[in-house]
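Have a look at the structure below, then the notes.
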Amino acid sequence: MTCCCCAGDDRLQPAPDAPRREITAADAPAGCAFTLGHSTRPIGDFIALLQAHRITQLLDVRTVPKSRHNPQFETGALAQSLGGAGIAYARAEGLGGFRRTSAASPNGGWRNASFRGYADYMATPAFQASLADAMALLNHQRVAFMCAEAVPWRCHRSLIADALFVRGHVACEIASATRLQPHRLTPFARVDGLTITYPPEG
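Heads up: the sequence shown begins at 13 in this note's numbering, then just goes up one per residue.
Written out as structure tokens, the structure reads:
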């Protein structure tokens, strides 16, 4: 199962000498933004995972909210299943992927064009407004940002997590019913206030 920003180079992989730290579900910080990919999970397992972390609102950040091989995650079916479990569903179209890059991109640190395009998009008013809407929910809901790809560093939700990080919100990837992986800012990111760029090394 791949995300709209599928990975294909070593620049998207976590450093081998920096294993991802894990915390228990009980240690999730206040205002945490949860993230996950639906992958090929049965819908019952997926809902149980959300319930284990007491998620009350799911934000769908897929650009194309369809899954031919996993129809349980098509918009209508997913919204109905979540609603039956007391979890609200909403699409966050302004946070979706499939963004184009340009030759003048300041984000050449990403060799993957899809990630570079999404990083370019993060500087736009459209992204910032959509992120602000999502952040407003964090004040009174337990929110999960969902895409399709199981592995966070192969998905554009890792860039969303960077944007949340510089705005004071910790993003925690749901690793299991009991474990979370707090997001680390992308190592080659450059932060100026709320602006993030990913310049080439050197």
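Each residue gets a CB set at the ideal place from its N, CA and C atoms; glycine is no exception.
Remember, it's a predicted structure, so these values are computed and weren't measured experimentally.
Start and end residues, alpha helix (DSSP H) containing residue i
i, result
"G129", "A125 to Y133"
"L143", "P137 to L150"
"R169", "R169 to V178"
"D72", "No alpha helix (DSSP H) contains D72, which is instead part of the beta strand (DSSP E) from Q69 to D72."
"A100", "Taken as a continuous stretch (DSSP letters only), A100 belongs to no alpha helix (DSSP H), being part of the beta strand (DSSP E) at A100 to R103."
"F5", "Lying outside 13 to 214, the shown extent of the chain, residue 5 is not represented and no answer is given."
For residue j and residue i, the rounded distance between their alpha carbons
i, j, result
"N119", "S126", "11 Å"
"G56", "Q140", "33 Å"
"S117", "E185", "28 Å"
"Q25", "R166", "At Q25 the pLDDT is 44, less than 50, meaning the model places this residue with poor confidence; the figure from the coordinates comes in the next sentence. Each residue's alpha carbon lies about 8 Å from the other."
"G43", "T87", "26 Å"
"A173", "V182", "8 Å"
"G95", "Q153", "15 Å"
"R53", "V163", "13 Å"
"D22", "T198", "Below a pLDDT of 50, predicted positions are generally treated as unreliable, and D22, at 43, falls in that range; no measurement from the model is reported."
"A91", "A102", "8 Å"
"R66", "A115", "43 Å"
"A19", "D39", "For A19, the predicted model reports a pLDDT of 47, less than 50, meaning its position is unreliable; a value from the coordinates is still stated below. C-alpha separation (whole angstroms): 30 Å."
"L73", "D204", "First, the residue type needs correcting, since residue 73 is Val and not Leu in the sequence shown. Taking the straight line from one Cα to the other gives about 25 Å."
"A104", "I35", "27 Å"
"R112", "A45", "26 Å"
"S51", "H168", "14 Å"
Residue nearest to residue i in terms of C-alpha spacing, selected from the options
i, options, result
"A138", "G109, A64, R123 and I67", "G109"
"G49", "G180, L197 and S170", "S170"
"W122", "E86, P41, A38 and F200", "F200"
"L150", "A160, A162, R179 and H168", "R179"
"L61", "F177, I99, R103 and R33", "I99"
"K78", "P41, E161, H65 and A156", "E161"
"R128", "A40, I35, P211 and A37", "P211"
"A64", "D204, A37 and V76", "A37"
"T136", "T209, A45, P41 and D39", "T209"
"F58", "M158, T113 and L176", "M158"
"G106", "P41, R202, F177 and A144", "A144"
"A156", "P41, L71, S51 and A187", "L71"
Beta-ladder partner(s) of residue i, from DSSP
i, result
"I208", "V203"
"T36", "R191"
Residue i - containing beta strand (DSSP E), residue span
i, result
"G49", "A45 to G49"
"Q193", "R191 to P194"
"A89", "No beta strand (DSSP E) contains A89, which is instead part of the alpha helix (DSSP H) from T87 to G96."
"E185", "A183 to I186"
"A156", "V155 to C159"
Worksheet item: Is the segment 75-89 in contact with the segment 178-197, if contact means three or more CB pairs nearer than 8 Å?
Response: no
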